[in-house]
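Mapping of the sequence shown onto this note's numbering: position 15 corresponds to residue 44, and the numbering continues sequentially without gaps.
Ideal placement from N, C-alpha and C gives every residue a C-beta, glycine not left out.
These notes concern the structure reproduced below.
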Amino acid sequence: MRTEAAWPLDDRGVAYGDGLFETILLRGGRPLLWDEHLARLARGCHRLGIPMPEEHDLAVPLAEAGNGLEVLKLTLTRGSGGRGYRPPFSCAPRLRWQLAAFVPAETRWQQGVRVRHCRLRLGLQPVLAGLKHLNRLENVLARAEWDDEDIAEGLLCDSDGRLVEATAMNLFWRRAGRLETPRLDRCGVAGALRAALMERMEIHEVDIHPDEFEAAEAVWLGNSVQGVWPVVRLDDGAGIERRRWLLSPLHRTFQAEAHRLLDYPAP
C-alpha cells in the first residue's frame, strides 16, 4: 500500500468529517469511470464550498500506479483553520491519496450473495444526499450489525422506511419488467457505476419500501470497485430468510453491462 503524506490533527476532515472522498478502480494505471468520479467530486465541492482540486494534482497518484489492478482512494478536506465548527473564510484544501492492490470477489459475481436488512436507519439530509462525504458513521454502525461471513451486505432504509442502498454499494432490481433503483435525493451515496449505468440503460429512480422490493424478479448490488453481485437471498435483521432468487440470464445481462464499464469479465 502506498500513501501520500499523513493528516495533521487539526485537519477539518479528521476533526469533523469536513470533506469528500472517491474510491477508484485502476487497471494498469488507467482509472475506470474517471469522468463519473470527477463529476461527483465536483458536485460535492460545490455543495460544501471547497475548491475543486486542479487536474495536475489529481493526476499525481495515477503516475504512481503500477501495472496491475489497484484501488485509488482520493480524500479531499477543507484543510485546517476556522474556529470550532465555523469554517475558515478562505480555505486551503488538503488532498491526500492512497493506492492499494486489489482482487475482486469473483465468487460473488458467479454465485451471487446473501444480504440482510439493517436495523439502523439513515437520517434525511438533502444537502448531502448523493455525495461521498467523510461522515460515514451511519455506514460503520450498520456494518457492525453482523459478523457472519456468509452475509455479503446489509440493506439500509431511511428514517421514513424507504429503501436507500447497501452499506457500501448501490441497489438495483427488476420489477414488473423494468429496472429500478432507489431515489437518492434525501440521503445515500450516488455511485459512479450507478451514474454510468443510468446514462446507458433505462433505470427508473423510485421511492420504495422493503415489502414492495421483495416482489422484484431479480436484484443486484453494485459499485465501481467490486462490479455487480447478483442477490440470491435476503434475510431480515434477525437472520430469518425473507426471499430467495434463482440466478438466471436476466441477472447476467445486467451484470455484463456493468462489467463492460469496468473491464471485468461477464460470468
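Own chain residues within Cβ distance below 8 Å of residue i, not counting five before or after
{"i": "R271", "result": "H146, E243, L263, D264, D265"}
{"i": "D40", "result": "T106, G108, S109, R123"}
Where residue i sits in the DSSP three-state scheme
{"i": "F131", "result": "coil"}
{"i": "L275", "result": "coil"}
{"i": "F283", "result": "helix"}
{"i": "W138", "result": "helix"}
{"i": "R289", "result": "helix"}
{"i": "G42", "result": "helix"}
{"i": "A221", "result": "helix"}
{"i": "F50", "result": "strand"}
{"i": "E241", "result": "helix"}
{"i": "R215", "result": "coil"}
Contact set for residue i: own chain, Cβ-Cβ below 7 Å, skip 5 residues either direction
{"i": "V260", "result": "G141, V142, V144, V248, W249, L250, W274"}
{"i": "T52", "result": "V100, K102, V254"}
{"i": "A287", "result": "L222, L226, G251, G256, V257"}
{"i": "R56", "result": "L98, D292"}
Test item: CB-CB of residue i and residue j under 9 Å
{"i": "H238", "j": "R191", "result": "yes"}
{"i": "G298", "j": "A130", "result": "Look at the range of the chain in this structure, 30 to 296, and you will see that residue 298 is not part of it."}
{"i": "S321", "j": "P37", "result": "Here the chain has residues from 30 to 296 only, and residue 321 is not among them."}
{"i": "R215", "j": "P155", "result": "yes"}
{"i": "T210", "j": "R223", "result": "yes"}
{"i": "E65", "j": "A221", "result": "yes"}
{"i": "T104", "j": "L49", "result": "yes"}
{"i": "A197", "j": "G159", "result": "no"}
{"i": "L149", "j": "L170", "result": "yes"}
{"i": "I180", "j": "F201", "result": "no"}
{"i": "L185", "j": "L153", "result": "no"}
Residues near residue i by beta carbon distance below 6 Å, same chain, minus five either side
{"i": "A71", "result": "M81"}
{"i": "R281", "result": "none"}
{"i": "Y293", "result": "G256"}
{"i": "W73", "result": "In the sequence on display, residue 73 carries Gly and not Trp. If we look at G73 and ignore the five residues flanking it on each side, its Cβ neighbours are L49, L160."}
Residue i - containing beta strand (DSSP E), residue span
{"i": "W249", "result": "247-252"}
{"i": "F201", "result": "199-204"}
{"i": "A195", "result": "192-195"}
{"i": "P122", "result": "Neither: P122 is in no beta strand (DSSP E) and is coded neither H nor E."}
Residue i - containing alpha helix (DSSP H), residue span
{"i": "P90", "result": "84-93"}
{"i": "H162", "result": "Careful: H162 lies outside any alpha helix (DSSP H) and carries neither H nor E."}
{"i": "R382", "result": "Limits of the chain in this structure are 30 at one end and 296 at the other, which puts residue 382 out of reach."}
{"i": "V169", "result": "166-172"}
{"i": "G152", "result": "G152 -> no alpha helix (DSSP H), and no H or E assigned at all."}
The stretch 86-93 / the stretch 167-182 touching (three or more Cβ pairs under 8 Å): no
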